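Numbering (this note's numbering), first residue to last: 968 to 1310.
See the structure below:
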């Protein structure tokens, strides 16, 4: 594990206790956070496999249950709502049945949808996962990436800028579906900076952008090396070098490098890298874990927490959500219980 090789910060390792978390999570519930990003619907089909198809060497799934949840950036908003935070959402969806279903789910979850634009020119992205025995067998994607026109992107930007002044923090969640380009990002970051609203960024490896002036950027390992035009590396020394270089490249206040089973490393100007080991006990599904992390990071920024405390809380949340199947969220009580187990 990398933590045996890192030079740890000189300050005492934070102890995240229930007594510390309870008032902090209550503060989170007074926040209003805007999420801007690629919206989609996540569908899950659960069943059992008892035989192989005579038509092809594939399993036959007997469907037992189906469910649907807000996905992509909408899952980030869902994570915020699960924490008791008022989430506002901005992005583009189609004028279709999938889009209508997504809006209904968002409204049912008490998530603000005034920043969402609908268009008849493209379908709402829908991802369908088929699972049996807690294993994903196949995923079916219905989407048209890069389908937003400049006019439609401008409409999303206008709506996002209308909602932003009422918010305590903003998340930019890039799933690489065509919403984000550099002028769009620059306009949002400049508006947030002018109003002193902290920003948390979840970048996408397939859409290299500059995040100059963001408060926090959260790349995973692949995204970090991709942003630098370098090959991925399993060497912890390379992780440190990449994180420090990106902190300078993007001129951000915090850079959180997420490393899956190896935990996270927080980089901040003029401070040593702060390494956090993974808290996951069991891993069933990593989909959506990054959404949980960026949600808790943004809440920490909005509440004025230190970067290391925000990252520790986000790491607790990630350890919980990977132990759940499907597009999952976490609750304040689950985070408190996790701190008790790992304290």
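Every residue, glycine too, gets a C-beta built ideally from N, C-alpha and C. The structure displayed is predicted, hence computed values, not measured ones.
My understanding is that residue i touches residue j, with C-beta atoms under 8 angstroms, so please give their C-beta distance in whole angstroms.
{"i": "residue 1166", "j": "residue 1176", "result": "About 13 angstroms separates the two Cβ atoms, so there is no contact after all."}
{"i": "residue 1040", "j": "residue 1006", "result": "6 angstroms"}
{"i": "residue 1277", "j": "residue 1268", "result": "7 angstroms"}
{"i": "residue 1061", "j": "residue 1115", "result": "Actually they are not in contact, since the Cβ atoms of residue 1061 and residue 1115 sit about 11 angstroms apart, beyond 8 angstroms."}
{"i": "residue 1265", "j": "residue 1138", "result": "5 angstroms"}
{"i": "residue 1330", "j": "residue 998", "result": "In the structure as shown, the chain starts at 968 and stops at 1310, and residue 1330 therefore has no counterpart that could be examined."}
{"i": "residue 1182", "j": "residue 1219", "result": "7 angstroms"}
{"i": "residue 985", "j": "residue 1303", "result": "5 angstroms"}
{"i": "residue 1279", "j": "residue 983", "result": "5 angstroms"}
{"i": "residue 1047", "j": "residue 1097", "result": "Incorrect: roughly 28 angstroms between the Cβ atoms, too far for contact."}
{"i": "residue 1178", "j": "residue 1217", "result": "5 angstroms"}
Pick from the options: whose alpha carbon is nearest that of residue i?
{"i": "residue 1313", "options": "1153, 1196, 1200, 1116", "result": "Limits of the chain in this structure are 968 at one end and 1310 at the other, which puts residue 1313 out of reach."}
{"i": "residue 1197", "options": "1172, 1218, 1178, 1183", "result": "1172"}
{"i": "residue 1002", "options": "990, 1043, 994, 1033", "result": "1043"}
{"i": "residue 1037", "options": "1237, 1258, 1100", "result": "1258"}
{"i": "residue 1049", "options": "1073, 1033, 1027, 1061", "result": "1073"}
{"i": "residue 1109", "options": "1081, 1063, 1207", "result": "1063"}
{"i": "residue 1168", "options": "1051, 1161, 1185", "result": "1185"}
{"i": "residue 1221", "options": "1210, 1227, 1229", "result": "1210"}
{"i": "residue 1105", "options": "994, 1026, 1150", "result": "1026"}
{"i": "residue 1028", "options": "1128, 1071, 1009, 1100", "result": "1100"}
{"i": "residue 1004", "options": "1193, 1303, 1124, 1206", "result": "1124"}
{"i": "residue 1051", "options": "1034, 1069, 1077", "result": "1077"}
{"i": "residue 1008", "options": "1082, 1091, 1226", "result": "1091"}
{"i": "residue 1256", "options": "1189, 1225, 1135", "result": "1225"}
{"i": "residue 1312", "options": "1282, 1272, 1193", "result": "Not covered by the structure: residue 1312. The range shown for the chain is 968 to 1310."}
{"i": "residue 1033", "options": "1024, 1118, 1094", "result": "1094"}
{"i": "residue 1081", "options": "1089, 1118, 1133, 1088", "result": "1133"}
{"i": "residue 1112", "options": "1127, 1121, 1143", "result": "1143"}
{"i": "residue 1126", "options": "1083, 1215, 1103", "result": "1083"}
{"i": "residue 1087", "options": "1097, 1079, 1065", "result": "1065"}
{"i": "residue 1071", "options": "1271, 1045, 1023", "result": "1045"}
{"i": "residue 1271", "options": "991, 984, 1057", "result": "991"}
{"i": "residue 1030", "options": "1023, 1017, 1024", "result": "1017"}
{"i": "residue 1158", "options": "1122, 1129, 1237, 1200", "result": "1129"}
{"i": "residue 1284", "options": "1274, 1301, 1275", "result": "1301"}
{"i": "residue 1187", "options": "1279, 1227, 1280", "result": "1227"}
{"i": "residue 1275", "options": "1298, 1235, 1294", "result": "1235"}
{"i": "residue 1195", "options": "1118, 1214, 1201, 1202", "result": "1214"}
{"i": "residue 1242", "options": "1203, 989, 1217", "result": "1203"}
{"i": "residue 1118", "options": "989, 1131, 1151, 1205", "result": "1151"}
{"i": "residue 1121", "options": "1308, 996, 1057", "result": "1057"}
{"i": "residue 1174", "options": "1193, 1160, 1162, 1161", "result": "1193"}
{"i": "residue 1295", "options": "1200, 1035, 1089", "result": "1035"}
Could you check where the beta strand (DSSP E) with residue i kicks off and where it finishes?
{"i": "residue 1181", "result": "First-last for residue 1181: undefined, no H or E at that position."}
{"i": "residue 1168", "result": "1166-1169"}
For the alpha helix (DSSP H) containing residue i, list its first residue and its last residue.
{"i": "residue 1194", "result": "1188-1194"}
{"i": "residue 1362", "result": "With the chain covering only 968 through 1310, there is no way to say anything about residue 1362."}
{"i": "residue 1208", "result": "1203-1217"}
{"i": "residue 1146", "result": "No alpha helix (DSSP H) contains residue 1146, which DSSP labels as neither H nor E."}
{"i": "residue 985", "result": "985-995"}
Distance cutoff 8 angstroms, beta carbons only. Does residue i sit that close to anything in chain B?
{"i": "residue 1052", "result": "Judged by its chain identifiers, the structure shown contains no chain B, having just a single protein chain."}
Legend entry - 4-residue-minimum alpha helix (DSSP H) runs that sit fully inside the segment 1223-1309, ordered along the chain: 1256-1269, 1274-1288, 1299-1309
Inset, instruction - Please determine if the segment 1013-1024 and the segment 1283-1290 are in contact, where contact requires at least 3 C-beta pairs separated by less than 8 angstroms. - result: no
Legend entry - Contiguous alpha helix (DSSP H) assignments of at least 4 residues, all confined to the segment 1095-1139: 1117-1130
Inset, instruction - Let me know the alpha helix (DSSP H) ranges lying completely inside the segment 1002-1090, each 4 residues or longer, listed in chain order. - result: 1040-1049, 1064-1075
Legend entry - Given 8 angstroms, three or more beta-carbon pairs between the segment 1239-1247 and the segment 1138-1147: no
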